[in-house]
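Colleague:
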Amino acid sequence: MGIITTIANHKGGVGKSTLVYNLSRYLLKYYPKILVLDFDPQANTTWWLSEYANELNVKIHDVLRYGVTYDLQDAENLDKFDTLVQYATVETVKKDGSISLIGSSLDLAATKLELSKYDSIVYFKIIEIIRKISEPYDLTIIDTPPSIEMLTSSAINASDYVLLPIQLDLLAIKGAMDITKILIPTAHRYYNPNLRILGVIVNLHRDTKAQRATKKTAADAFGHYLFNTIISRSEKVGRLATTKGSIDKSKSDNQFGLLAEEIHNRILEDTKRSKEGVQHGNKTR
Ligand SMILES: Nc1ncnc2c1ncn2[C@@H]1O[C@H](COP(=O)(O)OP(=O)(O)O)[C@@H](O)[C@H]1O
Ligand SMILES: [Mg+2]
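Everything in the sequence shown is counted per the numbering used here, starting at 1042 for the first residue and increasing by one.
Here it is in structure tokens:
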């Protein structure tokens, strides 16, 4: 089974969707079959990755609604579920591997409320759904909404790893710390004891006095979780929000490549540590 990683920070505008979009291409070098799940009703990642996905009649909310409502242990239901997933999936990038997307739309916001009536069982069901959908892929990346809520926590509960993007301001750092203090301990305790923080990504970096000062706060808060690669605020990356489509070769391009390499190395190290832990009879976290 492949690796599942969620990108989360309930502070909006730190670059969750931008990172999903830009990093996924560089991660293809290590994980040739990638799935992106857009769990944000704002659907920015869907919009950036595939215009076609916007047009589709079947999206992530349909998949979640069906999977939560029907018992997927029943073979007939599972068949229907698989067909729904197939209809919802769009292959967006085929060069050097493939990036598939299950897109979202505003309908996801209504479905989220509708599914809340299932109380805590919904969390277990969504874990089951995410893990089933991600089976054929080397890596699944889940983009999440800028809020601490059912969709964000379900994505985290189903994941092997969490990536926490921040920018060097105190509110973004607080947003990432809230995830580490609230959602991750709950996931560990009730849903997913093997969940790990893969790292904290500094995005939107500018070499200003204020950001240099905040860097120290981030280093104190996150220590070795901070990735060495820092993504600068760049006009080319920012332009994506208005033009969409691929960014040209640029300094940020290189930074995304380096970050993808660091992410891959951390996953390799972690997998190695886990195997050693299991061999010695104690699982590491
Ligand atoms: N490295 C960057 N350089 C320039 N603009 C960026 C960068 N990262 C993100 N942005 C811009 O910042 C805004 C918020 O990013 P977004 O990815 O939508 O954040 P989030 O998903 O966390 O809410 C977008 O307009 C995006 O284009
Ligand atoms: Mg976003």
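Yeah, the Cβ is synthetic: ideal placement off N, Cα and C, and Gly gets one too.
Rounded to a whole number of angstroms, what is the C-alpha to C-alpha distance between Val1278 and Tyr1067?
Modeller: For Val1278 and Tyr1067, the distance between alpha carbons rounds to 15 Å.
Colleague: Would you call the segment 1164-1181 in contact with the segment 1260-1280, where contact means no fewer than 3 C-beta pairs closer than 8 Å?
Modeller: No: fewer than three Cβ pairs fall under 8 Å.
Colleague: In the DSSP assignment, find the alpha helix (DSSP H) that holds Gly1216 and state where it starts and stops.
Modeller: Here the alpha helix (DSSP H) through Gly1216 covers 1211-1219.
Colleague: Under the rule that 16 or more other beta-carbon atoms within 10 Å means buried, what is Asp1112, buried or exposed?
Modeller: So Asp1112 counts as exposed.
Colleague: Would you tell me roughly how many angstroms separate the C-alpha atoms of Asn1063 and Ile1242, rounded to the nearest one?
Modeller: Roughly 13 Å separates the two Cα atoms.
Colleague: Could you tell me the distance, in whole angstroms, from the CA atom of Ala1228 to the CA atom of Thr1181?
Modeller: Answer to the nearest angstrom: the Cα atoms are 18 Å apart.
Colleague: Can you give me the start and stop residues for the alpha helix (DSSP H) that Arg1253 sits inside?
Modeller: Run containing Arg1253: 1250-1263, per the alpha helix (DSSP H) assignment.
Colleague: Pick out the complete beta strand (DSSP E) segments inside the segment 1096-1167, 3 residues or longer, and give them in chain order.
Modeller: With a minimum length of 3 residues, the continuous beta strand (DSSP E) runs that stay inside the segment 1096-1167 are 1130-1134, 1139-1143.
Colleague: Tell whether a beta-carbon distance below 9 Å holds between Asn1244 and Gly1043.
Modeller: Against a cut-off of 9 Å, the Cβ pair of Gly1043 and Asn1244 comes out as no contact.
Colleague: In chain order, what residues of the same chain lie with their CB nearer than 6 Å to the CB of Tyr1093, ignoring the 5 residues before and after it?
Modeller: Correct list, in chain order: Val1131.
Colleague: Starting from Tyr1062 and walking both ways along the alpha helix (DSSP H), at which residues does that stretch end?
Modeller: Start and end: 1057-1068.
Colleague: Using the Cα positions of Asp1160 and Arg1253, report the straight-line distance between them to the nearest angstrom.
Modeller: So the alpha carbons of these two residues sit roughly 44 Å apart.
Colleague: Can you tell me where the beta strand (DSSP E) holding Ile1242 begins and where it ends?
Modeller: 1237-1244 is the extent of the beta strand (DSSP E) around Ile1242.
Colleague: For Leu1119, would you say it is in contact with chain C, using Cβ-to-Cβ distances shorter than 9 Å as the test?
Modeller: Here there is only one protein chain, and chain C is not present.
Colleague: Whole alpha helix (DSSP H) runs in the segment 1170-1199 with 4 or more residues, listed along the chain?
Modeller: Runs of the alpha helix (DSSP H) inside the segment 1170-1199: 1191-1198.
Colleague: Is the separation between the beta-carbon of Asn1073 and that of Ser1141 shorter than 9 Å?
Modeller: Looking at the sequence provided, one finds Pro at residue 1073 rather than Asn. Taking 9 Å as the Cβ cut-off, Pro1073 and Ser1141 do not qualify as a contacting pair.
Colleague: Is the segment 1098-1108 touching the segment 1142-1152 in the sense that three or more CB pairs, one from each, lie closer than 8 Å?
Modeller: A contact exists between the segment 1142-1152 and the segment 1098-1108.
Colleague: Whose CA, out of Arg1314, Ile1045, Gly1053, lies closest to the CA of Asp1179?
Modeller: The option with the nearest alpha carbon to Asp1179 is Ile1045.
Colleague: What number of angstroms, rounded off, separates the C-alpha of Leu1224 from the C-alpha of Ala1199?
Modeller: Using only the alpha carbons, I get a separation of about 12 Å.
Colleague: Please classify Ile1304: is it buried, with 16 or more other beta-carbons within 10 angstroms of its beta-carbon, or exposed?
Modeller: With 16 or more other Cβ atoms within 10 Å, it is buried.
Colleague: By the DSSP assignment, the beta strand (DSSP E) with Thr1047 in it spans what residues?
Modeller: Start and end: 1044-1048.
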